[in-house]
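Chains as they are written, first to last, in our numbering: chain W, 324 to 597; chain G, 328 to 577.
Quick reminder that beta carbons are idealized off the backbone N, C-alpha and C, glycines included.
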């Protein structure tokens, strides 16, 4: 007798569905949970306000300082120092990276000295810079510039030095001028690495500014924190730390935005073709 | 398009320090001819192509174009490499017109994309294309600015058999239509026999022998015999006369 055969449909793994709202909310889950737990701990008396003020107290302090104009004034001066320092340091890093990346003579002349200076912790220069420039704006801006120059320099140099030689040869076989070779092949090929350097420099920028403003300043978020410490004003100290965290996160988002805008070719997939 | 020049390679040698890549190469390539350089790895095929492309300079000897120096003749030479060498940050259309962005160049790029049947992919990035599509873009880019001489450095080596056959037909039809002088470097003797008017066997760093290609590239028997003959020379240096006889009667 012929056996009846039954065929069962093989189990097909269900495609992993991503819900956009959930994906967008996921990164906020941990910080929100920490703040809620922190608030709960403070409200239930597990955390003494002399050790760590509640998030709500910090928010109230922030509103008061904003309304008095103290926070906007110090925030704007910190942003000014950070931006000008980054522009100077990043600009110098880019320039040195470009000339050393494209010219063997320049690289032989400059790179060894730059690498030697790079290995000096830039925060160790604070006493020297205070002696040279005092505690005015130029001292803090110089420190930020020195701190941000090296990550941009190293990544620009590496980016240019690691451009695919096959692409360069292709460009030369099309008789591209040196200018066009740089504009159309070298710079775009090095750009992902340059943006990594800028992103790293943004982190260094805030760290340097915090230290510089804490040690020698009469304005800025770092100064606000030091001043609050003198008066045992815990809410303002925590507020300043939170502001630094927010500024760092915003800087990172701006850098990521630039990467998404300038490097969209890296994220396009074959399925998205015509 | 200006007249396609005759290429004269006279006693060309290339050495890299102690390593000899080419020695005593004498070869003339006539306008509109499709020449295939075949041979084993290290035989000097690609080096010869790179010297003709001006990507490297010969240690001794001369490469002339219509009996003039390269500077005087200024031939328009384009190379299609084994890797597509497309710029990943540019779209397909931008890759074709990367040298100049004027309207005339863009219009020519659009026409060439239609020729290689990739019009729908003008705005795609190279990362979105298959290997065969990338090589078609690379071919279209090589054809921009109306080259007189097209150099193909194993451009189909990484493609699957079917795509490879389609690309062979595409390259052949374009080269015939535009009357380009074409030099193909390949390991594949059948590919060489199918595409070329003349097959030059490179062995021991020089051009050892040459065969005329079959008159009818669609005659599988003639192609196979010419390929077998070239292979015999590459492996044993004992060519049969069958290929020449066949090519003269087919």
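Three-way DSSP call (helix, strand, coil) for residue i in this model
i	result
residue 354 (chain W)	helix
residue 343 (chain G)	strand
residue 541 (chain W)	coil
residue 557 (chain G)	helix
residue 412 (chain G)	coil
residue 490 (chain G)	helix
residue 373 (chain G)	helix
residue 477 (chain W)	helix
residue 384 (chain G)	coil
residue 359 (chain G)	coil
residue 352 (chain G)	strand
residue 581 (chain W)	helix
residue 432 (chain G)	helix
residue 392 (chain G)	strand
residue 409 (chain W)	helix
residue 405 (chain G)	strand
residue 476 (chain G)	strand
residue 458 (chain W)	coil
residue 590 (chain W)	helix
residue 330 (chain G)	coil
residue 418 (chain G)	coil
residue 364 (chain G)	strand
Outcome for residue i when other beta-carbon atoms lying within 10 angstroms are tallied against a minimum of 16
i	result
residue 443 (chain W)	exposed
residue 349 (chain W)	exposed
residue 344 (chain G)	exposed
residue 502 (chain W)	exposed
residue 355 (chain G)	exposed
residue 326 (chain W)	Caution is warranted here: a pLDDT of 46 is assigned to residue 326 (chain W), below 50, making its placement in the model unreliable, and the coordinate value is therefore given only provisionally. Exposed is the call here.
residue 421 (chain W)	buried
residue 373 (chain W)	exposed
residue 526 (chain G)	buried
residue 572 (chain W)	exposed
residue 368 (chain W)	exposed
residue 374 (chain G)	buried
residue 332 (chain W)	A caution first: residue 332 (chain W) carries a pLDDT of 48, below 50, which makes its placement in the model too unreliable to give a value.
residue 559 (chain W)	buried
residue 385 (chain G)	buried
residue 487 (chain G)	exposed
residue 507 (chain W)	buried
residue 464 (chain G)	buried
residue 332 (chain G)	buried
residue 573 (chain G)	Because residue 573 (chain G) carries a pLDDT of 41, less than 50, the predicted location of this residue cannot be relied on, and the following value inherits that uncertainty. So residue 573 (chain G) ends up on the buried side.
Proximity test, Cβ basis, 8 angstroms: residue i and chain W
i	result
residue 511 (chain G)	no
residue 573 (chain G)	Any reading at residue 573 (chain G) must be qualified, since the residue scores a pLDDT of 41, below 50, and its modelled position is unreliable; no value is offered.
residue 361 (chain G)	no
residue 530 (chain G)	no
residue 584 (chain G)	As displayed, chain G neither begins before 328 nor continues past 577, which places residue 584 (chain G) out of reach and without an answer.
residue 474 (chain G)	no
residue 426 (chain G)	yes
residue 539 (chain G)	no
residue 452 (chain G)	yes
residue 412 (chain G)	yes
residue 406 (chain G)	yes
residue 415 (chain G)	yes
Cutoff 8 angstroms: residue i Cβ touching any chain G Cβ
i	result
residue 488 (chain W)	no
residue 343 (chain W)	no
residue 373 (chain W)	no
residue 483 (chain W)	no
residue 318 (chain W)	Residue 318 (chain W) is absent from the model: chain W starts at 324 and stops at 597.
residue 591 (chain W)	yes
residue 507 (chain W)	yes
residue 584 (chain W)	no
residue 379 (chain W)	no
residue 376 (chain W)	no
residue 500 (chain W)	no
- Query: In chain order, which continuous runs of the alpha helix (DSSP H) of length 4 or greater are located wholly inside the region 361-405 of chain W?
  - Reply: The qualifying runs are 378-391.
- Message: Count Cβ pairs between the region 527-536 of chain W and the region 463-475 of chain W that sit closer than 8 angstroms; are there 3 or more?
- Response: When C-beta atoms of the region 527-536 of chain W are compared with those of the region 463-475 of chain W, three or more pairs fall below 8 angstroms, so the two segments count as touching.
- Message: Any contact between the region 404-421 of chain G and the region 479-493 of chain G? By contact I mean 3 or more CB pairs, one from each, below 8 angstroms.
- Response: Flag = yes, the region 404-421 of chain G and the region 479-493 of chain G touch.
- Message: If contact is defined by three or more beta carbon pairs under 8 angstroms, each pair taking one atom from either stretch, is the region 428-441 of chain W in contact with the region 517-526 of chain W?
- Response: In this structure the region 517-526 of chain W does not lie against the region 428-441 of chain W, because fewer than three pairs of beta carbons, one per stretch, are closer than 8 angstroms.
- Starting from the N-terminal side, write out each stretch of the alpha helix (DSSP H) that is 4 residues or longer and does not extend beyond the region 481-550 of chain G. As for any alpha helix (DSSP H) of minimum length 4 sitting wholly inside the region 481-550 of chain G, the runs are 488-505, 516-522, ordered along the chain.
- Task: Write down every uninterrupted run of the alpha helix (DSSP H) in the region 411-446 of chain W whose length is 4 residues or greater and which is fully enclosed by it, in chain order.
- Result: Runs of the alpha helix (DSSP H) lying entirely within the region 411-446 of chain W, each at least 4 residues long, are 435-441 in chain order.
- the region 382-401 of chain G / the region 433-450 of chain G touching (three or more Cβ pairs under 8 angstroms): Because the criterion of three Cβ pairs below 8 angstroms is not met, the region 382-401 of chain G and the region 433-450 of chain G do not touch.
- Query: Touching or not, the region 333-341 of chain G and the region 563-583 of chain W, by the rule of three or more beta carbon pairs under 8 angstroms?
  - Reply: Fewer than three pairs of CB atoms, one per stretch, sit closer than 8 angstroms, so the region 333-341 of chain G makes no contact with the region 563-583 of chain W.
- Touching by the beta-carbon criterion (3+ pairs, under 8 angstroms), the region 540-554 of chain W and the region 487-507 of chain W: No: the two stretches stay apart, fewer than three of their Cβ pairs being nearer than 8 angstroms.
- Can you list the alpha helix (DSSP H) stretches of 4 or more residues lying completely in the region 478-553 of chain W, in chain order? Counting only runs of 4 or more, we get 488-496, 501-504, 510-538, 544-553.
- Touch test, the region 441-460 of chain W against the region 383-392 of chain W, Cβ-Cβ under 8 angstroms, three pairs minimum: In short, these stretches do not touch, since the Cβ pair count stays below three.
- Query: Touching or not, the region 518-525 of chain G and the region 359-369 of chain G, by the rule of three or more beta carbon pairs under 8 angstroms?
  - Reply: Yes, the region 518-525 of chain G touches the region 359-369 of chain G.
- Taking 8 angstroms as the threshold, find out whether the region 464-473 of chain G comes into contact with the region 421-433 of chain G through three or more Cβ pairs. Taking 8 angstroms as the limit for Cβ pairs, the verdict is that the region 421-433 of chain G does touch the region 464-473 of chain G.
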